[in-house]
Amino acid sequence: MLLKMLLGVLCCVGAFATENIAEQLSPPQLLLVSFDGFRADYLRRFPMPNLKLLYSQGILVEQLTNVFITKTFPNHYSLVTGLYAESHGILASNMYDPVSHEHFHINNDSNPMWWNEARPLWISALDSGYKTAAMMWPGSDVTIGNRTATHFLPYNPQVTFKQRVGNVTKWMLGDKKEKGVMFAALYWEEPDRSGHIFGPDNDTAMSQALKEVDDNIGLLISELKTTGLWDRVNILITSDHGMTQCSAQRLIQLDNCLHPDNYTLVDLSPVTAIIPLKDPEAVFKLLDKCHEHMKAYKKPDIPDRLHYRNNDRVQPIILIADEGWTIVLRGDELPRLGDHGYDNSLPSMHPFMAASGPSFRQGYRISSLQSVDIYPLMCKLLSLPPQPNNGTMTRARCLLAAESCWDVPLVIGLVVGVLLMLTAITVLFRYLSSRRPPGSRPFQRLQVDDDDDDDPMLE
Ligand code: AMP
Ligand code: ZN
Ligand code: ZN
């Protein structure tokens, strides 16, 4: 009996110890937050005290090179899969699938078929036994690979930021019945909404929008502090794309070039997707010379660097407007004062990334990173095996406290410095040697002499 009791106690202690060790070994929870349409240079243009406080204690990536097309859905799916749009299949806000003959629009996005070419982190992390949450993130209320995150809410733009944060912190904390989630993704519609309405060049309106975004970051930090999560979670704040100013003086009217009977329109601006209905070559020729601020590509000729070709949902012809130009069918009405979706090499299309938490270096900044690199970074933070992806840890590694990392400019500076010093010493030595009287050169005999016979030391 006594032996049984002793064994029972030992078992309990053992189980408790194992759970404790497992808890200590498990990595910090990760919270990924996206503020839609946060152009990188807003950080320099507007005071963002709460965001600045966050990255002064952590890291800042000043610009992220995002994926083409620089729209909300493609880029949010890239952030959580590490894939270019052609590889994850969410190629635009409006799509047509020639295999299933289905149409996609961001307000009608719940058919899993569109999302099933990839697995977002909130799904793949379930395979490692983690619980996950996704709050309003594009795709989060869709059943992908027959699953959803452990916690999510159906998309509803009426749900306030405070309500979203309240749910996310509750899910991260867990309760007696269920452990807290290891990974949570949180989405907010601003400053994208204001950028479209007022244009990013409107200082007054955008400073108000950015103040509200920063207040929300303050609210998030204070909620994390109140709940005791702040010191133990890694938090990563980023965005999907930037924004550029449009103008009624920069309109491209497609009807001026081609009658609409000639094609089916899948998506319009700033990247138009077209299925020719009549002679494709003739349709392409007309579009190719349509406007000097719009480039036309046949699908096989879309540049490699855009990673926007190898998918059935890329249509036979695409048109790409130059920065700030808007493609319309007809008329002189400008639909939006600000827009995005343009070439992802344009700085105005780039967002930023800031992070802080136990795994990050403190007060460290780098100028740029690819947005597809964020996925492998998050997998590393969560000790998860990444799915095949287009990102790399090469640059992102430097953001982590536990990684030793060469600072390339510093290393180049050190090497140049050492070389300069050696050159100076050599020059000085030669100068001093040349100034000694001829008889007082003690090392002269040690110089290599080709003609051995002449060397009295060898005789
Ligand atoms: P866009 O500016 O066209 O690239 O898309 C931004 C818009 O996408 C936002 O203003 C939202 O209305 C919408 N949106 C964002 N997340 C979701 C979501 N999870 N489900 C449906 N629509 C969304
Ligand atoms: Zn967006
Ligand atoms: Zn937008």
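In mature numbering (1 follows the signal peptide of the UniProt record, and there is no 0), the protein residues as written are -17 to -1, 1 to 442.
We put the beta carbon where it would ideally sit given N, CA and C, even for glycine.
**Request:** Closer than 8 Å by C-beta to V355: which residues in its own chain qualify, once you throw out the five before and the five after it? Chain order, please.
**Result:** V50, S61, G65, L66, Y67, N372, N373 and G374
**In chain order, each beta strand (DSSP E) run of at least 3 residues that lies wholly inside the region 133 to 198** = 134 to 136 and 166 to 171
**Request:** Buried or exposed for E395, please, with buried defined as at least 16 other CB atoms from any protein chain shown within 10 angstroms of its CB.
**Result:** The question names Glu, yet the displayed sequence has Ile at residue 395. Exposed, by the Cβ-count rule.
**Prompt:** Is any heavy atom in ligand 1 found nearer than 7 Å to the beta carbon of S123?
**Reply:** yes
**Message:** Would you call the region 274 to 285 in contact with the region 333 to 343, where contact means no fewer than 3 C-beta pairs closer than 8 Å?
**Reply:** no
**Contact check, A168 vs A117, beta carbons under 8 Å** = yes
**Prompt:** What's the C-alpha gap between T133 and Y113?
**Reply:** Using only the alpha carbons, I get a separation of about 9 Å.
**Message:** Can you find the residues in the same chain that come closer than 7 Å, C-beta to C-beta, to L234, ignoring five residues on each side of it along the sequence?
**Reply:** T309, V311, D315 and L317
**Prompt:** For ligand 2, is there a heavy atom less than 7 Å away from the beta-carbon of H71?
**Reply:** No, the Cβ of H71 stays beyond 7 Å of every heavy atom of ligand 2.
**Asked** With distances taken from each beta carbon to the nearest heavy atom of ligand 3, which residues come in below 6 Å, in chain order?
**Response** Listed by chain position, these are G20, T55, D175, H179 and H323.
**Request:** Mind reading off the beta-carbon distance from V249 to G324? Whole number of angstroms is fine, and I expect it under 8 Å.
**Result:** Not a contact, Cβ separation roughly 14 Å.
**Message:** Between L26, K363 and D322, which has its C-alpha nearest I180's C-alpha?
**Reply:** When each option's Cα is compared against that of I180, the closest is D322.
**Request:** In the DSSP assignment, find the unbroken beta strand (DSSP E) run with M118 in it and report its ends.
**Result:** T115 to M118
**Request:** Measure the alpha-carbon distance for R215 versus P11 and round it to whole angstroms.
**Result:** 6 Å
**Message:** Please classify A23 as buried or exposed, where buried requires at least 16 other C-beta atoms within 10 Å of its C-beta.
**Reply:** buried
**Request:** Provide the residue(s) that pair with M226 in DSSP beta bridges, ordered along the chain.
**Result:** DSSP output for M226 lists no bridge partner at all.
**Request:** Pick helix, strand or coil for R418, following the three-state DSSP scheme.
**Result:** helix
**Request:** Measure how close the beta-carbons of G20 and H224 come, nearest whole angstrom, since I'm counting them as under 8 Å.
**Result:** Correct: roughly 6 Å between the Cβ atoms.
**Prompt:** Apart from the five residues on each side of it in sequence, which residues of its chain come closer than 6 Å, Cβ to Cβ, to P121?
**Reply:** F56 and H59
**Message:** Only counting the same chain, and skipping five residues up and downstream in sequence, which positions put a Cβ closer than 7 Å to that of I327?
**Reply:** It should be noted that the sequence gives Asn, not Ile, for residue 327. Once the five neighbours on either side are set aside, the close Cβ partners of N327 are T48, N49, V50, F51 and T53.
**Asked** Where does N91 fall in DSSP's three states?
**Response** Here DSSP, grouped into helix, strand and coil, assigns N91 to strand.
**Message:** Looking at the secondary structure, which residues open and close the alpha helix (DSSP H) in which F18 lies?
**Reply:** From DSSP, F18 is part of no alpha helix (DSSP H) but of the beta strand (DSSP E) over L13 to F18.
**Request:** Please go through the region 254 to 318 and give each complete alpha helix (DSSP H) segment of 4 or more residues, from N-terminal end onward.
**Result:** 263 to 271
**Message:** Going by C-alpha to C-alpha distance, which of D184, C362 and S339 sits closest to L109?
**Reply:** C362
**Item:** C-alpha gap between L202 and S351, whole angstroms
**Value:** 28 Å
**Message:** Can you tell me whether R28 is helix, strand or coil according to DSSP?
**Reply:** helix
**Message:** Do V16 and I218 count as a contact pair if the criterion is CB distance below 8 Å?
**Reply:** yes
**Item:** Residues of its chain near I408, where Cβ-Cβ distance is below 6 Å and the 5 sequence neighbours each way are ignored
**Value:** none
**Item:** Boundaries (first-last residue) of the beta strand (DSSP E) holding residue 449
**Value:** Absent from the model: residue 449. The displayed extent of the chain is -17 to 442, so no value can be given.
**Request:** Sort D244, T143, P243 and A304 by Cα distance to E195 and report the nearest one.
**Result:** T143
**Asked** Helix or strand or just coil, what does DSSP make of A(-3)?
**Response** Any reading at A(-3) must be qualified, since the residue scores a pLDDT of 45, below 50, and its modelled position is unreliable; no value is offered.
**Message:** Helix, strand or coil for V394? Go by DSSP, reduced to three states.
**Reply:** helix
**Message:** I'd like to confirm something about I204: is its beta-carbon nearer than 7 Å to some heavy atom of ligand 1, or not?
**Reply:** no
**Prompt:** Cα separation between P263 and N245?
**Reply:** 9 Å
**Request:** Starting from V63, follow the alpha helix (DSSP H) in both directions and report where the run begins and ends.
**Result:** T55 to T64
**Prompt:** According to DSSP, which residues form a beta bridge with R344?
**Reply:** BP columns for R344 are empty, so no partner.
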